[in-house]
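S.K.: First the structure, which I've put down as structure tokens, then a few questions once you've had a look.
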Amino acid sequence: MSLMDFFKKKSSGDIAKDRLKLLLVSDRSNCSPELMEKIKNDIIEVISKYMEIDADGLDISITQTESDSNNGSVPALYANIPIKEMHHDSKKN
Amino acid sequence: MSEVIVITSGKGGVGKTTTSANVGTGLAMLNKKVVLIDTDIGLRNLDVVLGLENRIVYNLVDVVEGNCKVSQALIKDKKYPNLFLLPSAQTRDKTSVSPEQMKKLTDELRNDFDYILLDCPAGIEQGFKNAIAGADRALVVTTPEVSAIRDADRIIGLLAANELKQTDLIINRLRMDMVKRGDMMNVEDVCEILAIPLIGVVPDDEQIVVSTNQGEPLVGSNALAGQAYMNICHRVLGEEVEFLDLDKKEGVFSKLAKIFK
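Sequences listed follow chains P and U, in order. Residue 52 in the numbering used here sits at position 51 of the first sequence; the count goes up by one each step and never skips. Residue 143 in the numbering used here sits at position 138 of the second sequence; the count goes up by one each step and never skips.
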């Protein structure tokens, strides 16, 4: 192994495997981009009741997560929702 | 009891036709009566790989349309008397045949053959639907590449939806030198992702090109890919065969033998 190899983060084979795993999760879940967009808009609507969020920075995707079920992993809906400001008054409702 | 096996992959160019030719020939070498059907209508190739392109009179579409009897369209192999080819039509398209007609044909062939192998076209459209219609089991061919594996996964899903009894995986064109460098996914990676039983690993072998040039399948030869194909044939028959050590260093003796070939 050369010194250059030492500094390389990941082999291309590993990169391929990781990319494939993500790709197949969304392929298999059969989630169309339109459906994802609908889910995204509904999430924005619901969360916005309680806090001010950055709708443009919102990121949702289907990934895989560990589980105790038979195969060890199941699809999961992952959402990253940046909050701009908490609506403190909503707590009273 | 006879078995109808479809060889499929989704993506083109991963080795379906080469695999069909070699597995078919290998099974014939093991004394099974085999018919290979080229279902790639419009892009006929299996005849060339088997070296039988000059003997074609009738084809699959002729049989289905009733222009000739099945027995008239079957071409007997040059070397193995229990190996037959039913060639595809070159000047027609996939819609010339329906899944129902294919099922009827394969069921008819069950009376005369131990194994009916279908070389499936690339894609998931009509040609694919025709090829899987009468199949009991499938051999899914992939290479260790992202695009081929993605397509294989799609195919595996479609095969499951069509309730095939058994679906096994063949990993083709594996390059051990690249795997060792970490620049190619290894067998375990591919199996983990696709999650179906592995029935064979075929190394990338120059001899495959040579054998295709000559129109003689490599199966049964000493070349590593030839051995790998023969092992697949034994596994198709239900025998337990150890996987080849593809990492074997070439001995001085075999190097010498190559020089004098």
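Glycine included, each C-beta is placed from N, C-alpha and C at the ideal position. Just so it is clear, the structure is predicted and the values come from calculations on it, not from any experiment.
Give me, in chain order, the residues of the same chain whose beta-carbon lies closer than 6 Å to that of residue 50/U; leave out the 5 immediate sequence neighbours on both sides.
M.R.: The residue labelled residue 50/U in the question sits at position 45 within the second sequence. The residues are 22.
S.K.: Select from the segment 9–26 of chain P all residues with a C-beta closer than 8 Å to any C-beta belonging to chain U, and list them in chain order.
M.R.: Residues passing the 8 Å Cβ filter: 12, 13, 14, 15, 17, 18, 20, 21, 22, 24 and 25.
S.K.: What does the Cβ neighbour count give for residue 20/U, buried or exposed, with the cut at 16 atoms within 10 Å?
M.R.: Your numbering for residue 20/U matches position 15 in the second sequence. That one is buried.
S.K.: Let me confirm a value: residue 66/U is counted as buried when at least 16 other C-beta atoms fall within 10 Å, else exposed. Which label applies?
M.R.: What you label residue 66/U is simply residue 61 of the second sequence in a count that begins at 1. The residue in question, residue 66/U, is buried, as its Cβ has 16 or more Cβ neighbours within 10 Å.
S.K.: Using 8 Å as the threshold, is the C-beta distance between residue 156/U and residue 180/U below it?
M.R.: Position 151 of the second sequence, counted from the start, is the residue given in the question as residue 156/U. Position 175 of the second sequence, counted from the start, is the residue given in the question as residue 180/U. The answer is no: Cβ separation not under 8 Å.
S.K.: Taking CB distances under 8 Å as the criterion, tell me whether residue 206/U reaches chain P.
M.R.: Residue 206/U sits at position 201 when you count from the first residue of the second sequence. False, the Cβ-Cβ gap to chain P never drops below 8 Å.
S.K.: Can you find at least 3 beta carbon pairs, one from the segment 39–59 of chain P and one from the segment 79–90 of chain P, that sit closer than 8 Å?
M.R.: Counting Cβ pairs under 8 Å, three or more are found: they touch.
S.K.: So with Cβ pairs under 8 Å, would you call residue 28/P a contact of chain U?
M.R.: Taking the first residue of the first sequence as 1, we reach residue 28/P at position 27. Residue 28/P counts as touching chain U.
S.K.: Check for me: the alpha helix (DSSP H) holding residue 53/U runs from which residue to which?
M.R.: Start at 1 with the first residue of the second sequence, and residue 53/U comes out as number 48. 51–55 is the span of the alpha helix (DSSP H), which, as asked, contains residue 53/U.
S.K.: Output the distance between the C-alpha atoms of residue 30/P and residue 57/U, rounded to the nearest integer angstrom.
M.R.: Here residue 30/P refers to the residue found at position 29 when the first sequence is read from its first residue. Here residue 57/U refers to the residue found at position 52 when the second sequence is read from its first residue. Roughly 44 Å between the two C-alpha positions.
S.K.: Report the rounded CA-to-CA distance for residue 60/U versus residue 86/U, giving the unit in angstroms.
M.R.: Counting from 1 along the second sequence, the entry for residue 60/U is found at position 55. Counting from 1 along the second sequence, the entry for residue 86/U is found at position 81. Taking the straight line joining both Cα atoms gives about 15 Å.
S.K.: Which residues of chain P have a Cβ atom closer than 7 Å to the Cβ of residue 129/U, listed in chain order?
M.R.: As a position in the second sequence, residue 129/U is number 124, starting the count at 1. Correct list: empty, because the minimum Cβ distance to chain P is about 13 Å.
S.K.: So, does the CB of residue 93/P fall closer than 8 Å to a CB anywhere in chain U?
M.R.: Counted from its first residue, the first sequence places residue 93/P at position 92. Summary for residue 93/P: the model assigns pLDDT 48, below 50, so the residue's position carries little reliability; its value from the coordinates is reported in the next sentence. False, the Cβ-Cβ gap to chain U never drops below 8 Å.
S.K.: By DSSP's criteria, residue 13/U is part of a beta bridge. Which residues make up the other side?
M.R.: The residue labelled residue 13/U in the question sits at position 8 within the second sequence. BP columns for residue 13/U point to 145/U.
S.K.: Determine the burial state of residue 186/U: buried for a count of at least 16 other Cβ atoms within 10 Å of its Cβ, exposed for fewer.
M.R.: Start at 1 with the first residue of the second sequence, and residue 186/U comes out as number 181. With fewer than 16 Cβ atoms within 10 Å of its Cβ, residue 186/U is classed as exposed.
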